[in-house]
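Scroll down for the structure; my scribbles are underneath it.
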Amino acid sequence: MVTANTEIGYDSKVEGEAIVSRADAVINWIRTNSLWPMPMGLACCAIELMAVGGARFDIARFGAEVMRFSPRQADCMIVAGTVTYKMAPHLRRIYDQMMAPKWVIAMGACASSGGMYRSYATMQGVDRIVPVDVYISGCPPRPEALLDGLIKLQEKIKRDPSTRRLMSA
Amino acid sequence: MSDLLPEMMGRFPTLTERPSSDHPAVNVPAEDLVAVLHYLRDEKGFDHLADLTGIDNGLEASPRFTVVYHVFSTRDHGWVRIAADCPDNAAPAVPSAVSLWPGANWHERECFDMFGIRFEGHPDLRRILMWDGYPHHPLRKDFPLAGIETPLSDAEVAAETGTTAIAAPMAGGPFVAGAGKLNLGEAEPHAKDESWSERHPQPGQPELRQVKE
Numbered sequence: 001m002v003t004a005n006t007e008i009g010y011d012s013k014v015e016g017e018a019i020v021s022r023a024d025a026v027i028n029w030i031r032t033n034s035l036w037p038m039p040m041g042l043a044c045c046a047i048e049l050m051a052v053g054g055a056r057f058d059i060a061r062f063g064a065e066v067m068r069f070s071p072r073q074a075d076c077m078i079v080a081g082t083v084t085y086k087m088a089p090h091l092r093r094i095y096d097q098m099m100a101p102k103w104v105i106a107m108g109a110c111a112s113s114g115g116m117y118r119s120y121a122t123m124q125g126v127d128r129i130v131p132v133d134v135y136i137s138g139c140p141p142r143p144e145a146l147l148d149g150l151i152k153l154q155e156k157i158k159r160d161p162s163t164r165r166l167m168s169a
Numbered sequence: 170m171s172d173l174l175p176e177m178m179g180r181f182p183t184l185t186e187r188p189s190s191d192h193p194a195v196n197v198p199a200e201d202l203v204a205v206l207h208y209l210r211d212e213k214g215f216d217h218l219a220d221l222t223g224i225d226n227g228l229e230a231s232p233r234f235t236v237v238y239h240v241f242s243t244r245d246h247g248w249v250r251i252a253a254d255c256p257d258n259a260a261p262a263v264p265s266a267v268s269l270w271p272g273a274n275w276h277e278r279e280c281f282d283m284f285g286i287r288f289e290g291h292p293d294l295r296r297i298l299m300w301d302g303y304p305h306h307p308l309r310k311d312f313p314l315a316g317i318e319t320p321l322s323d324a325e326v327a328a329e330t331g332t333t334a335i336a337a338p339m340a341g342g343p344f345v346a347g348a349g350k351l352n353l354g355e356a357e358p359h360a361k362d363e364s365w366s367e368r369h370p371q372p373g374q375p376e377l378r379q380v381k382e
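Chains as they are written, first to last, in this note's numbering: chain L, 1 to 169; chain W, 170 to 382.
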């Protein structure tokens, strides 16, 4: 992301080759700009997700282009589509295999709330089975909306007390 | 094609004509079903089983369940509809057509899943859409559209998350589109009963999830 980073104060004339910062700022900076998404494509939202990966919208601008189809190599699950009750336990098992720290984006109406499927077969929101960090509205959302959700997630990660978590783990 | 029905009825005297607004259609007793399908496939050129589905005629109706076959002839480009009533209302069953058309396999599994109609002689009659162990048959008339609360298929995940397959909040639904409306605003899907919502629940209805003001 091209934003002014106020967390790192560095003046070569004063500090020489040392950089003084907070551990949280460094850890969160690294995590923020290297999210590896797990594309949980279950319905038409996955088509928009593919567009986000393509050249026109280019999720690589935000450092999240390394889509991993193995949950063990991913840290951000993008639930793109309708989650049926038949699929839900599998989705939870995939989530459980991701290594912490990990985040979940509920992309679109179906993943967020069940969407238009008020029926016996559809889970009424994926937050009933995994903890969701960012919800994105739309049916399906525009690629820009997913990028906006990703930026919201990055802002959330930047506020995370990572050092305290690491020390207490 | 026009002489097909009299010919079939001459060959199988148990057949009766079924009211139809498009294609020739017959009612077949379940015990003659495979013989009739076999005759249509091998002697009349109906080589393609296009569809196989079920009908629930209602809780009081007898026979309650009917299985409907649509067969198509790629030679003559004609259709025939065959309907077979299930003799037993409590444990509906008809003979399987998998031996005639291997493609009937998944159709019959779907019909079994949705209606609970058993297909005798099916090589692998398991549910195909709902998960194994699901206790209901969703397209039966006594099954509500919103569903019935049921445990998840994976006991470990269910214990970890405390989640069940809930009856979906209908909030005035089911949602219907206005048929034949030129005005797109009226044609948009809307709830049949719009007098209540998540913020204003209807008395006597189960409480929906809390909505933060």
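From the three backbone atoms N, C-alpha and C, an ideal C-beta is built for every residue, glycine too.
Taking all protein chains shown into account, do 16 or more other C-beta atoms lie within 10 angstroms of the C-beta of residue i, making it buried, or fewer, making it exposed?
i                 : result
Glu355 of chain W : exposed
Glu170 of chain L : Here chain L covers residues 1 to 169 and nothing more, so residue 170 of chain L does not appear.
Ser168 of chain L : exposed
Met99 of chain L  : exposed
Asp172 of chain W : exposed
Pro304 of chain W : exposed
Asp254 of chain W : buried
Ser137 of chain L : exposed
Ala60 of chain L  : exposed
Asp75 of chain L  : buried
Phe69 of chain L  : exposed
Thr84 of chain L  : buried
Met116 of chain L : exposed
Gln154 of chain L : buried
Glu17 of chain L  : exposed
Asn352 of chain W : exposed
Leu202 of chain W : buried
Lys102 of chain L : buried
Asp225 of chain W : buried
Here's a check: name, in chain order, each residue in its chain whose Cβ is nearer than 8 angstroms to the Cβ of residue i, leaving out the five neighbours to either side.
i                 : result
His306 of chain W : Asp282, Met283, Phe284, Gly285 and Phe312
Ser322 of chain W : Trp300, Asp301, Gly302 and Tyr303
What three-state label does DSSP hand residue i in the structure shown?
i                 : result
Tyr238 of chain W : strand
Met107 of chain L : strand
Val26 of chain L  : helix
Ile286 of chain W : coil
Gly53 of chain L  : helix
Ser250 of chain W : For the sequence presented, residue 250 of chain W should be read as Arg rather than Ser. DSSP places Arg250 of chain W in strand when its eight states are reduced to three.
Thr32 of chain L  : helix
Glu15 of chain L  : helix
Val380 of chain W : Bear in mind that a pLDDT of 46 at Val380 of chain W, under 50, signals an unreliable position, so the number given afterwards is only what the model happens to contain. In this structure, Val380 of chain W counts as coil in the three-state DSSP scheme.
Ala262 of chain W : strand
Arg72 of chain L  : helix
Tyr85 of chain L  : coil
Asp245 of chain W : coil
Asp257 of chain W : coil
Ala327 of chain W : helix
Ala100 of chain L : coil
Across which residues does DSSP place residue i in a beta bridge pair?
i                 : result
Phe62 of chain L  : In DSSP, Phe62 of chain L forms no bridge with anything.
Leu353 of chain W : Answer is none; Leu353 of chain W lacks a bridge partner.
Gly41 of chain L  : L:Ala80
His90 of chain L  : Per DSSP, none; premise fails for His90 of chain L.
Ala334 of chain W : W:Thr319
Ala360 of chain W : W:Phe344
Just to confirm my understanding: we take residue i, look at its own chain, exclude 5 residues before and 5 after, and list those with CB closer than 6 angstroms. What are they?
i                 : result
Pro198 of chain W : Thr183
Ser242 of chain W : Gly214 and Phe215
Pro320 of chain W : Ala327 and Thr333
Glu382 of chain W : Confidence at Glu382 of chain W is low in this model, with a pLDDT of 43, below 50, so the placement of that residue is unreliable and no value is reported for it.
Gly149 of chain L : Ile105, Val134 and Ile136
Less than 7 angstroms between C-beta atoms, sequence neighbours within five positions excluded: which residues of the same chain meet that for residue i?
i                 : result
Pro161 of chain L : Asp24
Tyr135 of chain L : Ala106 and Ser112
Gly63 of chain L  : Asn33, Ser34 and Leu35
His192 of chain W : Trp248, Val249 and Arg250
Ala360 of chain W : Ala340, Gly341, Gly342 and Phe344
Subject >> Segments of 4+ residues assigned as alpha helix (DSSP H) that fall wholly inside the stretch 115–169 of chain L >> reply: 143–158 and 162–168
**OP:** Ignoring anything shorter than 4 residues or poking outside the stretch 172–235 of chain W, list the alpha helix (DSSP H) runs there in chain order.
**Re:** 173–180 and 202–212
**OP:** Pick out the complete beta strand (DSSP E) segments inside the stretch 266–318 of chain W, 3 residues or longer, and give them in chain order.
**Re:** Counting only unbroken stretches of 3 or more residues, the beta strand (DSSP E) elements lying wholly within the stretch 266–318 of chain W are 287–289, in sequence order.
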